[in-house]
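Following the numbering used here, the numbering of the sequence shown begins with 4 at its first residue and continues without gaps.
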Amino acid sequence: MITIIQINMQDPLYKQEQDLRNRILLRPIGLPDHAWEMDDHKAWHFVAVEEDNVVGCVILVPLHNGQAQLKQMAVETLYQSKGIGRLLIETLLAFAKRQALTEVVCHAQDRAIPFYIKNGFEIYDEPFVEVGVPHHHMRIRL
Ligand SMILES: CC(C)(COP(=O)(O)OP(=O)(O)OC[C@H]1O[C@@H](n2cnc3c(N)ncnc32)[C@H](O)[C@@H]1OP(=O)(O)O)[C@@H](O)C(=O)NCCC(=O)NCCS
């Protein structure tokens, strides 16, 4: 059974979150391990866990004016397309509402746009390239 839980960086599961992000997000685009952890200390962390193993993760970084940014969304390859990404987003959005946030934005890799659209996000502004990968700005109002 998959459970979504919120953790902090002291939690032993954080190491697994880092490993997952290295394998699923960073290495496929040629970035070194741990290259994108600059916001981790101020982020809320959510992980999908099956029997003490982290199989999915996402973080939410507070911005300003009621906004926050969804980042580092990843699901273990063999666990993709089983609804775990959706569960992570639902948990994150419910949490954001409880925090009285008004909008969640993200930098969506183009390959993941259909996933975000299915979860209620919309594209805004112009496309851009980040770390060599085509992206779109996406947002959902709460
Ligand atoms: C994108 C990602 C997080 C989605 O997680 P997931 O657990 O596979 O997603 P879900 O199973 O909840 O999928 C929900 C819906 O989005 C669709 N979807 C998921 N990934 C998709 C993709 N890359 N392209 C098109 N559709 C996708 C699924 O078909 C599903 O629709 P359905 O329920 O109608 O079949 C996951 O595929 C992943 O880690 N990909 C690699 C890393 C990545 O791209 N991260 C996002 C960076 S911005």
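Just so you know, even glycine gets a beta-carbon here, dropped at the ideal spot from N, CA and C.
| Query | Result |
| --- | --- |
| Buried versus exposed call for F124 [16 or more other C-beta atoms within 10 Å across all chains shown] | buried |
| Through-space distance from M4 to R66, alpha-carbon basis | Per the sequence shown, the amino acid found at residue 66 is Leu instead of Arg. So the two alpha carbons sit approximately 33 Å from each other. |
| Around ligand 1, Cβ to any heavy atom closer than 6 Å, ordered along the chain | I27, L28, M76, A77, V78, Q83, S84, K85, G86, I87, G88, R89, A111, Q112, R114, A115, P117, F118, K121 |
| Short Cβ contact (8 Å threshold) for K100 with L145 | yes |
| The region 28-43 / the region 88-99 touching (three or more Cβ pairs under 8 Å) | no |
| CA-to-CA distance, D55 to P15, given in whole angstroms | 10 Å |
| Every unbroken beta strand (DSSP E) within the region 27-82, with a cutoff of 3 residues, ordered by chain | 47-53, 56-65, 70-78 |
| Nearest residue (CA-CA) to D128, options Q83, H138, R30, Y119 | H138 |
| Contacts around V136, its chain only, beta-carbon distance under 7 Å, and the 5 residues preceding and following it disregarded | I32, Q112 |
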